[in-house]
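Visitor: Can you keep this structure in mind? I'll have questions shortly.
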Amino acid sequence: MSLSDTFIRRPVLSTVCSVLILLAGVIALPLLPIENLPDIAPPTIQVNANLPGADALTVESAVTGPLEEQINGAPGMDYITSTSTGEGSSQINVYFKPGTNADIDQVNVLNRVQTATPQLPPQVNAQGVTVQQTSGSYLLVYNLTSTKGQFDGTFLNGLLQLNLVYPLTRADGVGQVNIFGASDPAFRLWVDPLRLARFNLSITDVVNALKSQNVVVIAGSVGGPPSLPTNRSTFPILVNGNLETVGEFEKLILSKGPDGGLIRLGDVGRAEYAFQNFNQAAINAISGYPSVGFGVIQLPGSNAITTADAVDEVLTQFRNSLPPGVVLEKVFDQTDFINASIEGALDALRDAVVLVLLIIFLFLQDWKATAVPALALPIALLGAMVFVKAFGFSINELTLLGIILATGLVVDDAIVVVEAVSARIEAGDPPFVAASNAMKELTGAILATALVLLAVFVPVAFFPGATGVIYRQFALTIVFSIIVSTFNAITGKPLQSALLLGGGKTEPRGWRWTAIGGAFGALYGTLAGGWLLAVVLGLVGAVVGTFLMPIFTAFNKVFDQVARGYAALLQQVIRLRRLVLAALLGGVLLTGAAFVLIPTGFVPTEDQGYGLGIIQLPAQSSIEATMAVADEARRIIAKEPDVVSGELVGGAGFNGGSLNQGIFFFGFKPIEERTSPKQSANAIIGRMNQAFAKIPGAIVLAQAPAAVPGFGAQGGLSFQFNDLSNGGYSPTELAGLAKQLIAKARGTGTFGNLYTQFVSDAPVWRLDVDRDRMASLDIDFSAAMEALGTLTGGSFVNQTYEQQQYRQVYVQADASHRTMIQDLNNLYVSNRSGGLVPLSNVVKARLDSAPPIISHFDLYRTVLIQGVEAAGKSSGQAIDTIAAVFRRLNFANIGSAWSALTRSEVQAGALAILVFALGIVVVYLVLSAQYGSYIDPLIILMTVPLAMLGALMFLVLRGQVNNVYAQVGLVTLIGLAAKNGILIVDLANQRMEQGMSSAEAAMAAACSRLRPILMTAMAALAGFFPLLVASGAGALSQQSLGAVIFGGLLVATVLSLFVVPSFYVLMKQLEASWFPASQATEPVLPSGPAA
């Protein structure tokens, strides 16, 4: 009695099981969120602090250092990076190990930041230290500009800040909104130091006046409790203590003159409603007009599509409020790529289903027989969605690729069942008896193949890190499909086969099949390409439907010839089985060599519909010089007909910004409109870089974004060159060593570009303070230095409110009084007696150098080296090259590390071999337990190395690399290559039990299983073929997986038909001669109790 007999005898139970699976899947499917990829990037917590006016060295020691020391070692932390900039900002990113809880990570970092807060300068605490979850890449970038350049950045920033930033920050799923080309609005008080001196006032007097007169007043009330018993009313007292307009600030009272008149700010300077800082400017990449842009960073753990939808609602309201001449342009939106890649995967799934059904129909040649495996598809695929929902997965590229592969797998069992039942019916068995007898023979093989596939995928689902996330969602989706498919093959397919095949075959003749063929072709054409394709395919389908019988007859004739040729050839191969073994061993060696020689990668860099880039000028360059270069780059970008939008931002950087740096973004036409190779993202970026290289006096470099969201905005290599000497190297010495490494690595030809943006020797004026003279003049050192910083760098003093929104107030010398170092002669500080002393009396200026940005990695000073591999090279080769060059140079007290996506790629490379080895070992053990033999699993798995060789050769032929998607395919191949072996070995063992010799049993089993093996293999190949020829968004990932799985299965199918039978004979003969005792499959146990 087989497991299926209960369901064969109880048709209602069998039907209910199938209907419940379908119903549950239909309910689960619309509840699943949609995204491009699951959260692969590790949780990241960002800490931001500001010390206005400070240089990078001061920020490093006074702000970044204390914060880093406290944060370092937070539970679950993987590594920590920071940047300290010459604009007074400190940014620390804490990266945690995948799998940690981001909310808990944030709390842990916040607690440690609070511990460090007392160690920070009061100016930092006055503005606050923020701790937030972040993602390293932008979900979308927009650009606010004008139609004719009639509005400047200040006006556009006002619109953005007043009407958009706050509602956008509140939108569901938004983590951060970063402004490009401007900053938060603020009131700036610009003073003239000479006019101040004429009134015998110092900058300290301005600051003190502002502190005393721009305050929040709490005035109480009249008649408030406790009051007299006779009181019957209460009136709050309102006093406007804040200055709220430019006019009110200019009336700020500084002092009283000798004549008794009031000296106001307007007498010694002016007030302006402007920005918190002036370190950035931006222009539209197409028109060149001033613009202000913004980028939205998605909240970690949120869904990209729902976040983009929420943002779009806010932007729609904002557009409706814009004045004439102001436009909001989309630079890029990653959800466009997500939707396009999901649509491409669904197209591949549609094509896979159609091709699989056509192959099955070609072999079975009966619509009723075809209906049995056809029904397996929706049951298995929809049933898998129930598990996908239960495990908290989403509809994404990985789960869809798993479903596409499952399309070629889940029909296998149904095909084998319907073939066996059909053969039994043709032999004279009644339909239900035929189903029962067939399952007695097949149940073991079905369970064995299911267990093999489960044994391959389940272990890899528990691997850690980013690679583990990729394996997990892909592998478990296939596992879910296989579980449902196996359950349905045992509970539903025998009954369906008996019911549908009991009435005999129905020959496809007559006008009805012409109509069916035409309708099928028209339906597919409508789904695939519209009415024109529907008409063409409808006509093709009608012709095929008319001539189905001649097609089937010709196919059967060819197949019979193939079967006879196969039997004759197999007989010869079995005779030469020792040569087969030698060839097999040679193939294993070639497979090992291929693994070593074929370049590796992590995730393909897809055409995501946009690009980005950097601008770098000499260290002393101003923001105006940077914007001049940005305009040159803009003209080059605007010449590309496939670039439709963009923005260039001066003063910003992806790893800390300075005035001599810039970034830019540019968006392409939709990918379906860019069909020529010259219109691909790589081609466009390549042409841009050729033109950018001709811009004098600057580095301008465009590149593709990171392949995986959350690992930073920029793609390519990220190598950290770390100073382990604890200050033994000066910034200049460290930069020199890093440049040696870059020069040597560039000389290998592996890199298309390799660079660092670290600048060690930006010109600075260093002031040597004569402390003795300062003391003799009764000048307080701290007060004098604070006054200097306020005059030249600006100081945040306090805040006010404008239209109920918080605005900071800054004091600084006007621009004309801090342009040259000689202007220090006109700056005065007050002594304790109230007198004014020229600053030049107590300080001497000399030219020096210092880095404008200082970066740390794990608390060490570091130089971030970035690059992209050259054409024809892989990211794995780039990683190996720079690591090898670094080892050869053997710098003293210099360490290295990987960051961003490169770190995950290096970790994944170490896991790949373990994944394959574990997969083969687990499959071997499962098969050993299934067959009660250590020999049979060796026979079954002998084609796995050759299948992998075929897969790797396909990669080479298609110019692809062994990346994570290819490795996922290789893991899948372990199970697929074993399936055919299981079918042959299982039946051969049964034949040997009936008295056949090993050679006879192998011949009989292989010839008997030829048709189902070829049918299942061709059905699977048909299901995988759409991946092989994928195009559009997400195509590179699909092609990597498709090349491996298609090529490997093709080779595995051909070889298994010859290698498995011949190896079976060889191993069974060796087993009989070497281990005769193994023929007793069950040990003899004592019948009674021990004495």
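Counting from 1, position 346 in the sequence shown corresponds to residue 345 in numbering that gives the first Met the number 0; the numbering is continuous, with no gaps.
The beta carbon of each residue, even a glycine, is placed where N, CA and C say it ideally should be.
What did DSSP end up calling residue 47 once you bin it into helix, strand or coil?
Guide: Reduced to three states, the DSSP call for residue 47 is strand.
Visitor: Within 10 angstroms of its Cβ, does residue 43 collect 16 or more other Cβ (buried), or is it exposed?
Guide: It counts as buried.
Visitor: How long is the line joining the alpha carbons of residue 731 and residue 693, rounded to whole angstroms?
Guide: Rounded to the nearest angstrom, the two C-alpha atoms are 28 Å apart.
Visitor: Would you check if the distance between the CB atom of residue 1032 and the CB atom of residue 529 is smaller than 9 Å?
Guide: For residue 1032 and residue 529, no; Cβs fall outside 9 Å.
Visitor: Put residue 36 into one of helix, strand or coil per three-state DSSP.
Guide: Residue state, collapsed to three classes: coil.
Visitor: Based on the DSSP output, what are the partners of residue 255 in its beta bridges?
Guide: According to DSSP, residue 255 bridges with 261.
Visitor: Excluding sequence positions up to five away, which residues of its chain have a Cβ less than 6 Å from the Cβ of residue 351?
Guide: Contacts found: 403, 406, 1022 and 1025.
Visitor: Give me the Cα-Cα distance between residue 266 and residue 194, rounded to the nearest whole angstrom.
Guide: Answer to the nearest angstrom: the Cα atoms are 8 Å apart.
Visitor: In terms of alpha-carbon separation, which member of 456, 420, 903 and 426 lies closest to residue 439?
Guide: Here the closest residue by C-alpha is 420.
Visitor: Grab me the residues of residue 182's own chain with a C-beta within less than 6 Å of its C-beta, minus the 5 sequence neighbours each way, in chain order.
Guide: Cβ within range, chain order: 274, 275 and 276.
Visitor: Pick out whichever of 899, 390 and 313 has its Cα sitting closest to the Cα of residue 711.
Guide: Ranking 899, 390 and 313 by Cα distance to residue 711 puts 899 first.
Visitor: Any contact between the segment 27 to 45 and the segment 382 to 400? By contact I mean 3 or more CB pairs, one from each, below 8 Å.
Guide: Counting Cβ pairs under 8 Å, three or more are found: they touch.
Visitor: Touching or not, the segment 913 to 925 and the segment 959 to 979, by the rule of three or more beta carbon pairs under 8 Å?
Guide: Yes, since at least three Cβ pairs between the segment 913 to 925 and the segment 959 to 979 fall closer than 8 Å, the two stretches touch.
Visitor: According to the Cβ coordinates, are residue 1069 and residue 1049 closer than 9 Å?
Guide: No, they are not a contact pair.
Visitor: Specify the secondary structure class of residue 1091 as computed by DSSP and reduced to three states.
Guide: Because the chain here runs from 0 to 1090, residue 1091 falls outside it and cannot be looked at.
Visitor: Does the segment 771 to 788 come close enough to the segment 880 to 894 that 3 or more CB-CB pairs lie under 8 Å?
Guide: Too few Cβ pairs lie closer than 8 Å, so no.
Visitor: Going by DSSP in three states, residue 295 sits in which element: helix, strand or coil?
Guide: Residue 295: strand per DSSP, three-state reduction.
Visitor: Count the CB pairs spanning the segment 603 to 611 and the segment 668 to 688 that are closer than 8 Å, and state whether there are at least three.
Guide: The segment 603 to 611 vs the segment 668 to 688: in contact.
Visitor: For the segment 920 to 954, which segments carrying the alpha helix (DSSP H) assignment without a break, of at least 4 residues, lie completely within its bounds, in sequence order?
Guide: Whole alpha helix (DSSP H) segments, 4+ residues: 935 to 940.
Visitor: Check the DSSP bridge columns for residue 329 and list the partner residues they point to.
Guide: According to DSSP, which records beta bridges pairwise, residue 329 is partnered with 141.
Visitor: Between the Cα of residue 76 and those of 191, 54 and 107, spot the shortest distance and give me the residue it belongs to.
Guide: Per the Cα distances, 107.
Visitor: Cα separation between residue 847 and residue 736?
Guide: Cα to Cα, residue 847 sits roughly 21 Å from residue 736.
Visitor: Quick one: what's residue 76 bridged to in DSSP?
Guide: For residue 76, which the question treats as bridged, DSSP gives the partners 95.
Visitor: Smallest Cα separation from residue 963: which of 20, 1066, 1039 and 86?
Guide: Among 20, 1066, 1039 and 86, the Cα nearest to that of residue 963 belongs to 1039.
Visitor: Could you have a look at residue 1089 and say whether DSSP puts it in helix, strand or coil?
Guide: Residue confidence for residue 1089 is low, a pLDDT of 48 falling below 50, so the modelled location carries little weight and cannot support an answer.
Visitor: Decide if the segment 1006 to 1013 is in contact with the segment 978 to 990; the criterion is three or more beta carbon pairs, one per stretch, under 8 Å apart.
Guide: Cβ pair count under 8 Å is three or more, so yes.
Visitor: Are three or more beta carbon pairs between the segment 328 to 338 and the segment 659 to 679 nearer than 8 Å?
Guide: Yes, since at least three Cβ pairs between the segment 328 to 338 and the segment 659 to 679 fall closer than 8 Å, the two stretches touch.
Visitor: What number of angstroms, rounded off, separates the C-alpha of residue 318 from the C-alpha of residue 308?
Guide: Roughly 15 Å separates the two Cα atoms.
Visitor: What is the DSSP secondary structure of residue 128, reduced to helix, strand or coil?
Guide: Three-state result, residue 128: coil.
Visitor: Any idea if residue 576 is buried or exposed, counting beta-carbon neighbours within 10 angstroms, 16 or more meaning buried?
Guide: Looking at its Cβ environment, which holds 16 or more other Cβ atoms inside 10 Å, residue 576 is buried.
Visitor: Return the chain-ordered ranges of every beta strand (DSSP E) run that is complete within the segment 822 to 910 and spans a minimum of 3 residues.
Guide: Counting only runs of 3 or more, we get 827 to 829, 835 to 837, 842 to 849, 852 to 856, 859 to 868 and 893 to 897.
Visitor: Sort 560, 780, 865 and 579 by Cα distance to residue 700 and report the nearest one.
Guide: Among 560, 780, 865 and 579, the Cα nearest to that of residue 700 belongs to 865.
Visitor: Check whether chain B comes within 9 Å of residue 787, counting only Cβ atoms and requiring the distance to be less than that.
Guide: Any reference to chain B falls outside this structure, which holds one protein chain only.
Visitor: Span of the alpha helix (DSSP H) holding residue 962?
Guide: Premise fails: residue 962 is in no alpha helix (DSSP H) and is neither H nor E.
Visitor: Alpha carbon to alpha carbon, what distance is there between residue 169 and residue 18?
Guide: Going from the Cα of residue 18 to the Cα of residue 169 covers about 44 Å.
Visitor: By the 10 Å Cβ neighbour count, where 16 or more other Cβ atoms means buried, how is residue 677 classified, buried or exposed?
Guide: The residue in question, residue 677, is exposed, as its Cβ has fewer than 16 Cβ neighbours within 10 Å.
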